[in-house]
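First up is the structure itself, then whatever we jot down about it.
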Amino acid sequence: MAQTQMRDGLERDAALELLDEQRGAIYGVLSGAGWPAGATLEAAQAVENLAHKSARVIVDTYHRDLIERLEAASANQERLRAAIQELSNPIIPVYNGVLVVPLVGRVDSARAQTLTEALLEAIAREQAEIVLLDITGVAMVDTNVANHLMQTARAASLLGSQVVLVGISAEVAQTLVQLGLDLGRLVTLSNLQSGIEYALAQQGLAITAQA
């Protein structure tokens, strides 16, 4: 964008410089024409008016094009941001009525809000009864992260869906205890496999080996 602006700025300056050269050339013609003083003055005023109008058109066109490009760049950045948010909060249907949400990295307020909104839409769309929130890849679980997860679980429950927290390692469990956090009635399981088995059991199903 900066290089484009620089190039456009040079083109604008070149156009203004050319305009100034043309104006000087016209003055040269007028000075040698031998017209009466009054006619020469009127012609000079007409040249100045035309030059000012032309300069204004050049500058206005440059500014308008610059604004349009900045708006287009802003729109592209917004689409990129939305795509990144969607990729950072994938919601995967794994069975009828069962969704898996694998979280990786840091969970802050903005991401938690985006996750909650996307999850509620997915619950309504898929008629999900159980959501497996997999935090195996979450770098750190503290009070803020736990509160975000609880808020997401409460929001899902309003649509009749149960959130199951999976991927609770021994370190995370110890951290939650040390922080004195109460996850309430939120079901917690050690890994995603246990979560899927739990979700199927709630529907009267089970994974069995083929004979």
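Taking this note's numbering, the leading residue of the sequence shown gets 13, the next gets one more, and so forth. Glycine is no exception: its CB is placed at the ideal position from the N, C-alpha and C atoms.
Task: Beta-carbon spacing of residue 219, residue 179 below 8 Å - done: In this structure, residue 179 does not lie closer than 8 Å to residue 219 by Cβ.
Open item on the list: What would DSSP say about residue 71, mapped onto helix, strand or coil?
Closed with: It is helical.
Task: Cα-Cα separation between residue 82 and residue 137, rounded to whole angstroms - done: Distance between the alpha carbons of residue 82 and residue 137 is about 36 Å.
Task: Cβ shell of residue 113 (< 8 Å), same chain only, five flanking positions each side left out - done: Result list for residue 113: 101, 102, 103, 104, 127, 131, 143, 144, 145, 146, in chain order.
Task: Delimiting residues of the alpha helix (DSSP H) encompassing residue 163 - done: Taken as a continuous stretch (DSSP letters only), the alpha helix (DSSP H) holding residue 163 covers 155 to 169.
Open item on the list: So if DSSP puts residue 201 in a beta bridge, which residue, or which two residues, is it bridged to?
Closed with: In the DSSP secondary-structure assignment, residue 201 is bridged to 178.
- [ ] Let me know the secondary structure DSSP gives residue 142 once reduced to three states.
- [x] The answer is strand: DSSP assigns residue 142 an E or B state.
Task: Bridge partner(s) assigned by DSSP for residue 104 - done: DSSP output for residue 104 lists 112 as bridge partner(s).
Task: Straight-line gap, residue 201 to residue 213 (C-alpha atoms, nearest Å) - done: If you draw a straight line from the Cα of residue 201 to the Cα of residue 213, it comes to about 14 Å.
Open item on the list: DSSP three-state label for residue 215, please.
Closed with: In the three-state scheme derived from DSSP, where H, G and I count as helix and E and B as strand, residue 215 is classed as coil.
Task: Nearest-angstrom Cα separation, counted from residue 197 out to residue 75 - done: Using only the alpha carbons, I get a separation of about 59 Å.
Open item on the list: Is it buried or exposed, residue 155, if we count other Cβ atoms within 10 angstroms and call 16 or more buried?
Closed with: So residue 155 counts as exposed.
Open item on the list: Judging by CA-CA distance, which residue of 181, 190, 164, 221 is the nearest neighbour of residue 204?
Closed with: Ranking the options by Cα distance to residue 204, first place goes to 181.
Task: 8 Å Cβ shell around residue 27 - same chain, five flanking residues per side excluded - done: These residues qualify, in order along the chain: 70.
Task: Contact under 8 Å by Cβ, residue 149 with residue 115 - done: Result yes, Cβ atoms of residue 149 and residue 115 sit closer than 8 Å.
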